[in-house]
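Enquirer: Per my numbering, the very first residue in the sequence shown carries number 252; after that it's consecutive.
What follows is a single structure, and I will ask about it in a moment.
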Amino acid sequence: MKKTWKWGILAPGRIARKFATELQTLDNAEIVAVGSRNQARSDEFAADFHVKKAYGSYEDLAAEPDVEVVYVASPHSHHAEHAIMCMNQGKHVLCEKALSLNLKEVIEMFEVARKNDVLLMEAFVTPFQPSYRKAKEIIESGEMGKIQYLHGWFGFNTAPYDPQGRLFNPELGGGSLLDIGLYAVFDALWFLGSPKDISASAALTDRGIDTSLTMRFDYPEGVFASLYSSFYTASGPGCDIFCEKGILRITRRGILHQQLETRSRGTDPVRYTWEDDECGMKLEAVEVMKCLDEGKKESEVMPYSRSFELMKTLDSIREHAGIHYQGRG
Numbered sequence: 252m253k254k255t256w257k258w259g260i261l262a263p264g265r266i267a268r269k270f271a272t273e274l275q276t277l278d279n280a281e282i283v284a285v286g287s288r289n290q291a292r293s294d295e296f297a298a299d300f301h302v303k304k305a306y307g308s309y310e311d312l313a314a315e316p317d318v319e320v321v322y323v324a325s326p327h328s329h330h331a332e333h334a335i336m337c338m339n340q341g342k343h344v345l346c347e348k349a350l351s352l353n354l355k356e357v358i359e360m361f362e363v364a365r366k367n368d369v370l371l372m373e374a375f376v377t378p379f380q381p382s383y384r385k386a387k388e389i390i391e392s393g394e395m396g397k398i399q400y401l402h403g404w405f406g407f408n409t410a411p412y413d414p415q416g417r418l419f420n421p422e423l424g425g426g427s428l429l430d431i432g433l434y435a436v437f438d439a440l441w442f443l444g445s446p447k448d449i450s451a452s453a454a455l456t457d458r459g460i461d462t463s464l465t466m467r468f469d470y471p472e473g474v475f476a477s478l479y480s481s482f483y484t485a486s487g488p489g490c491d492i493f494c495e496k497g498i499l500r501i502t503r504r505g506i507l508h509q510q511l512e513t514r515s516r517g518t519d520p521v522r523y524t525w526e527d528d529e530c531g532m533k534l535e536a537v538e539v540m541k542c543l544d545e546g547k548k549e550s551e552v553m554p555y556s557r558s559f560e561l562m563k564t565l566d567s568i569r570e571h572a573g574i575h576y577q578g579r580g
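Laid out in structure tokens, this is it:
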């Protein structure tokens, strides 16, 4: 009989509500507790999702004995603090992206996971999505030839924007890079690996927050990637991959609506789509529980090394673009 894993939700905001909605469609997951700094918000979430225990502090959630796995959905400026607190209480952790603000903190998080013999996985949705897995399968088959150029982007228009909001707050790790730009960065790392050279330029607010960002990754043999993120363009996410024999385009209207189109010379476009139950954030939870069922403390899909390489690359981009977080690099 399949074990039912008991989940706690830390920080019941917008992204946590999306995750919880999908989590409740799984027959081996149960949300047993929620924790917020605001008791009223916790109570509201508990009522909406039929959760029995609602706490007015993150500490109480982490200490709840019934909770086995915690989904950390606080601002990424607090991910390290909250994930470490939960892991020190013996909880497994699925932590939203970006895993933290810098590589030093990410290394510390994984050291704490190993010390406590618990699983820590970054909740990065991309590698679990069928569109990306199919695109990689096509490329690795050789039918499109080698990749020559990759263009990845993610933009949304926040106007009228709130300069005091999370996205524009340097103390919370605000800016387009860690909120949406890292998806484009992941695209390049997923399909091309680590670049040999990085350049980046950002449009910065007077508080040093990147509202728009362009990045270039250079690879051997003249291959490169151009990446873009912005709070001022309603482009959504996407990735174009230019190969020797054709082009692949990955897009999505929402996390449950994945699309892949391939075009080869002399042939009609081929379009792939997937049903809702094949996509989504729930696939992250499926992977966590699969690992735990098999006694594993690390995911093969989103392993420590992938989170390490992603944050190492993000740190380099920030250095080149002049993006700094107050007191934390």
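Glycine included, every Cβ here is placed at the ideal spot set by N, Cα and C.
Note that the structure is a prediction, hence the values are computed from the model and not measured.
What's the C-alpha gap between GLU570 and MET466?
Expert: Distance between the alpha carbons of GLU570 and MET466: 12 Å.
Enquirer: Work out the CA separation of TRP441 and GLY396 for me, nearest whole Å.
Expert: So the alpha carbons of these two residues sit roughly 17 Å apart.
Enquirer: For ILE492 versus PHE468, is the C-beta distance shorter than 7 Å?
Expert: Result no, Cβ atoms of ILE492 and PHE468 do not sit closer than 7 Å.
Enquirer: So does the region 366-376 actually touch the region 546-553, counting three or more Cβ pairs closer than 8 Å?
Expert: Contact holds: three or more Cβ-Cβ distances are below 8 Å.
Enquirer: Are SER382 and LEU261 touching if we call contact CB-CB under 7 Å?
Expert: Cβ distance not < 7 Å, so SER382 and LEU261 don't count as in contact.
Enquirer: Locate the beta strand (DSSP E) running through TRP256, then write down its first and last residues.
Expert: Its beta strand (DSSP E) spans residues 256-261.
Enquirer: What is the residue span of the alpha helix (DSSP H) that LEU511 lies within?
Expert: Segment 508-515 is the beta strand (DSSP E) holding LEU511; no alpha helix (DSSP H) there.
Enquirer: Do ARG514 and GLY497 have their beta-carbon atoms positioned less than 7 Å apart in this structure?
Expert: Result yes, Cβ atoms of GLY497 and ARG514 sit closer than 7 Å.
Enquirer: Measure the C-alpha to C-alpha separation of ASP566 and LEU433 and round it to an integer number of angstroms.
Expert: Approximately 11 Å, taken between the alpha carbons.
Enquirer: Find out if the Cβ-Cβ distance for the pair GLY473, PRO421 is shorter than 7 Å.
Expert: Result no, Cβ atoms of GLY473 and PRO421 do not sit closer than 7 Å.
Enquirer: Helix or strand or just coil, what does DSSP make of PRO520?
Expert: In the structure shown, PRO520 sits in coil (DSSP, three-state: anything other than H, G, I, E or B).
Enquirer: Are the region 354-365 and the region 284-294 touching, with three or more C-beta to C-beta distances below 8 Å?
Expert: The region 354-365 is not in contact with the region 284-294.
Enquirer: Rounded to the nearest angstrom, how far is the Cβ of LEU478 from that of ALA439, given a contact under 8 Å?
Expert: That pair is a contact at about 6 Å.
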